[in-house]
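Structure first, then comments.
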Amino acid sequence: MKKIFFLFCIFIFQFAHAVDPQLNVNFKPTKEKIATESKDKIEVVEMFWYGCGHCYSFEPELKKWQASLPKDVVFKKVPAVPRRDWIPMARAFYAMESLEVLDDLHSKMFEAIHKDKTLSPVDEAGAIKWIATNAKLDTDKVKAAFKSFSMEAKLKKANQMFRSAGATGVPTLIINGSYITSSTMAGGPKNAIDVTNGILESIRSQK
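Mind the numbering: the sequence shown is residues -18 to -1, 1 to 189 in mature numbering (1 follows the signal peptide of the UniProt record, and there is no 0), read in order.
Quick look at the structure:
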C-alpha cells in the first residue's frame, strides 16, 4: 500500500516539475534498507569520490540546494570506496573531518585535483602533504588522522553503504536510506536535485 501511495505522489510530482521521473530509470529503491542516523529528519546522503569529474561538476548544484535546505532535511557526504584505489581520498575526507578542516578544504581539494591538476586522487602521501600545507598543520598530525583507530571502521561502513544502496557509480544520492538517484540516472545535476526534491515531498506526504 505504501509503495502504491509513493508512486501516486511521484505521479503528482510529474505535473508540478519539469522532470518526469521514472521508477528504476531516474531513481530506484536501494538494494537494502539503509539505517539513517537522523531519526527526526529526512536524511539525504551523497556518495562521492574526489577523483570523480562528475562529482566535481555536481558540487555547484549541491551547494545551491544546501543553501536553501528544508528544516526537516539533513544532508551528509560519505566517500565511496568500491575500489582500493579510492581509499586514499576516503581517508583524506575522514581525516579532514576529524581535524575540523573539512569545510575549508573540501571544495579546494576538488579544485586541486580537477582544476589545478596539482594532486592525484590515488596518492595518499600527496594528500597528506596537501592537507598539512593548506590547513597549516603539522604533517605528523595529519598522518595520524589518516591512520586513526576509527578510520578502518569508517571505511568499512562507507563501503557497506555503497553496496547496500545498490550504487554503480558516483555521485549517488541516497534519500532516507530507501531510494537512490544520480546525475546520470536523472539526466543531469539539476534533474538529480529535482528528483530528490520530489522524493522528499512524497516522504513528507507519507508522514
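Note that the Cβ used here is the ideal one computed from N, Cα and C, for glycine as well.
- One Cα belongs to leucine 101, the other to tryptophan 112, and the distance between them is close to 8 Å.
- Nearest to glutamate 41 by C-alpha distance, out of Ser184, Tyr76, Val124, Met91, is Met91.
- A distance below 9 Å separates the beta carbons of valine 55 and lysine 23.
- In this structure proline 70 touches proline 103 by the C-beta definition: roughly 7 Å separates them, less than 8 Å.
- Looking from the CA of glutamine 48, the closest CA among Ile185, Ser20, Thr178, Arg186 belongs to Thr178.
- In its chain, beyond the 5 residues on either side, Thr121, Val124, Lys125, Phe128 have a beta carbon closer than 7 Å to the beta carbon of isoleucine 110.
- When the beta-carbon positions are compared, threonine 150 and histidine 36 stay at least 9 Å from each other.
- If the five residues before and after asparagine 8 are omitted, its C-beta is found closer than 6 Å to the C-beta atoms of Met167, Ala168, Val177, all from its own chain and listed in chain order.
- For valine 63, same chain residues with a beta-carbon under 8 Å away, outside a window of 5 residues either side, are Ile69, Ala72, Leu137, Ala140, Asn141, Phe144 in chain order.
- By the Cβ-count criterion, phenylalanine 75 is buried, with 16 or more other Cβ atoms from all chains shown falling within 10 Å of its own Cβ.
- Our two residues, isoleucine 16 and glycine 159, have alpha carbons roughly 4 Å apart in a direct line.
- According to the DSSP assignment, leucine 155 belongs to the beta strand (DSSP E) that extends over 154 to 157.
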